[in-house]
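Enquirer:
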Amino acid sequence: MKIGNIKTYHKFAILKISFTFVPNNKPITDIFFHDNGNFTNFGIEHGIALWSCIIFIFYILYLEKNSWDAQTGRLFITLICGFGAFMQLFKVFYRLEVGILNLATDLPLHLCNIMTIIMPFIMWYKWRFMWAITFFWIMAGCAQSIFTPTLTESLPHYEAVRYWSVHAVIILGALYGWYVYGWQLTWRDAAKSIVGINVLAVILYPINLALGANYMYLNAKPPGKTFYDLLGPWPEYIITLEFVVVLAFAIVLIPFYSYRIKSLLKVT
Numbered sequence: 005m006k007i008g009n010i011k012t013y014h015k016f017a018i019l020k021i022s023f024t025f026v027p028n029n030k031p032i033t034d035i036f037f038h039d040n041g042n043f044t045n046f047g048i049e050h051g052i053a054l055w056s057c058i059i060f061i062f063y064i065l066y067l068e069k070n071s072w073d074a075q076t077g078r079l080f081i082t083l084i085c086g087f088g089a090f091m092q093l094f095k096v097f098y099r100l101e102v103g104i105l106n107l108a109t110d111l112p113l114h115l116c117n118i119m120t121i122i123m124p125f126i127m128w129y130k131w132r133f134m135w136a137i138t139f140f141w142i143m144a145g146c147a148q149s150i151f152t153p154t155l156t157e158s159l160p161h162y163e164a165v166r167y168w169s170v171h172a173v174i175i176l177g178a179l180y181g182w183y184v185y186g187w188q189l190t191w192r193d194a195a196k197s198i199v200g201i202n203v204l205a206v207i208l209y210p211i212n213l214a215l216g217a218n219y220m221y222l223n224a225k226p227p228g229k230t231f232y233d234l235l236g237p238w239p240e241y242i243i244t245l246e247f248v249v250v251l252a253f254a255i256v257l258i259p260f261y262s263y264r265i266k267s268l269l270k271v272t
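Under the numbering used here, the letters of the sequence shown match residues 5 to 272, in that order.
(1) Let's see if you can read the secondary structure: which residues bound the alpha helix (DSSP H) around Phe140?
(2) In this structure, how does DSSP classify Ser169 when only helix, strand and coil are distinguished?
(3) Kindly indicate if chain B contains any beta-carbon less than 8 Å away from that of Phe36.
(4) To which residues of the same chain is Pro27 closer than 7 Å at the C-beta, ignoring the five residues directly before and after it?
(5) To the nearest angstrom, how far is the alpha carbon of Glu163 from that of Lys95?
(6) Give me, in chain order, the residues of the same chain whose beta-carbon lies closer than 8 Å to that of Ile175; leave out the 5 immediate sequence neighbours on both sides.
(7) Assuming Ala108 and Gly216 form a contact by the criterion Cβ under 8 Å, report the distance between their Cβ atoms to the nearest whole angstrom.
(8) With DSSP collapsed to three states, give me the class of Leu222.
(9) What residues in its chain sit with their C-beta under 8 Å from that of Phe87, if we drop five residues either side in the sequence?
(10) Are the CB atoms of Phe253 and Ile198 nearer to each other than 8 Å?
(11) Which class does Ala217 belong to by DSSP, given the choice of helix, strand or coil?
(12) With respect to the alpha helix (DSSP H) encompassing Val102, which residues constitute its N-terminal and C-terminal limits?
(13) In three-state terms, what does DSSP make of Phe149?
(14) Would you report the Cα separation of Tyr261 and Trp55, rounded to the nearest angstrom?
(15) Do Phe43 and Pro160 have their C-beta atoms within less than 8 Å of each other?
(16) By a C-beta neighbour count over all protein chains shown, 10 Å radius and 16 as the cutoff for buried, is Ser3 buried or exposed?
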């Protein structure tokens, strides 16, 4: 290992550390910030990242039930979700700092990105109303993003770290509200969530047109092999997606109503 000189890089003081295993003896920072485009869906890295997210989520839920008191759990879940929000905002400020920010692709306006920024507030303030709305979005929509990622960069690129962090913490936050805070869902929550996602789409569509963007994938399908490939071409898949959303939200509700039915049967 060789340690070079400290130099200013785009106004940041970065210690230039070079390792023999880094190609062409490039600075170690290159593996975090240099685009590699090496990620492929359903490859080894995808499998490792997917299982890491699942294990992390269940481990935090385990700690809450077995090691943390209520206040400690509330603090830790807020900090964990806050890290996800930090990673999301870091992307924007980093790309702005180095002069490569693209308003059409880099703003946190995709559904998962929006919820990442909101989730720390939901957890800390125990904001049940917003949790109920976002729970459906997360479990019916964003959760499938860890199985069919719209990702091009491989770890340890910061974009890959951001992607997996964001999706892990919002799924964790959704499950935490149910498992720890004891929140339940009703069909009214599902209806509010459907209205909410359509209102958000109406707001974002003109923004997409103005920026030449595709936030929430309203103007085109996401790149790569994803669930959207099953829904038909644009714009027909937008209509198909409305029916899929209703069906998916209904499926999300099944465990909650099954629990209520079992509880009533035990009482009677």
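C-beta atoms are modelled at their ideal positions from N, C-alpha and C, and glycine is treated no differently.
Computed from a prediction, not measured in an experiment: that's the story for all the values here.
Expert: The structure says:
(1) Your numbering for residue 140 matches position 136 in the sequence shown. Phe140 -> alpha helix (DSSP H) spans 132-144.
(2) Here residue 169 refers to the residue found at position 165 of the sequence shown. DSSP places Ser169 in helix when its eight states are reduced to three.
(3) Here there is only one protein chain, and chain B is not present.
(4) By 1-based counting over the sequence shown, the position of residue 27 is 23. Only weak support exists for where Pro27 lies, its pLDDT of 49 falling under 50; the coordinates are left without a value.
(5) Locating residue 163 in the sequence shown gives position 159, counting from the first residue. Locating residue 95 in the sequence shown gives position 91, counting from the first residue. Near 7 Å, if we compare the C-alpha coordinates of Lys95 and Glu163.
(6) As a position in the sequence shown, residue 175 is number 171, starting the count at 1. Cys57, Ile61, Ile142, Met143, Cys146, Ala147, Ile150.
(7) Taking the first residue of the sequence shown as position 1, residue 108 is located at position 104. Taking the first residue of the sequence shown as position 1, residue 216 is located at position 212. Yes, Ala108 and Gly216 are in contact; Cβ-Cβ is about 5 Å, under 8 Å.
(8) In the sequence shown, counting from the first residue as 1, residue 222 sits at position 218. Leu222: coil per DSSP, three-state reduction.
(9) Locating residue 87 in the sequence shown gives position 83, where the first residue counts as 1. Contacts found: Ser169, Val173.
(10) By 1-based counting over the sequence shown, the position of residue 253 is 249. By 1-based counting over the sequence shown, the position of residue 198 is 194. The answer is yes: Cβ separation under 8 Å.
(11) What you label residue 217 is simply residue 213 of the sequence shown in a count that begins at 1. Coil at Ala217, not helix or strand.
(12) Here residue 102 is taken as the residue at index 98 of the sequence shown, counted from 1. Per DSSP, Val102 belongs to no alpha helix (DSSP H) and is neither H nor E.
(13) Numbered from 1 along the sequence shown, position 145 holds the residue referred to as residue 149. Here the sequence assigns Ser to residue 149, which means Phe is not the residue at that position. Helix, per DSSP.
(14) As a position in the sequence shown, residue 261 is number 257, starting the count at 1. As a position in the sequence shown, residue 55 is number 51, starting the count at 1. Going from the Cα of Tyr261 to the Cα of Trp55 covers about 29 Å.
(15) Taking the sequence shown and counting its residues from 1, one reaches residue 43 at position 39. Taking the sequence shown and counting its residues from 1, one reaches residue 160 at position 156. No, these two residues do not count as a Cβ contact at 8 Å.
(16) Not covered by the structure: residue 3. The range shown for the chain is 5 to 272.
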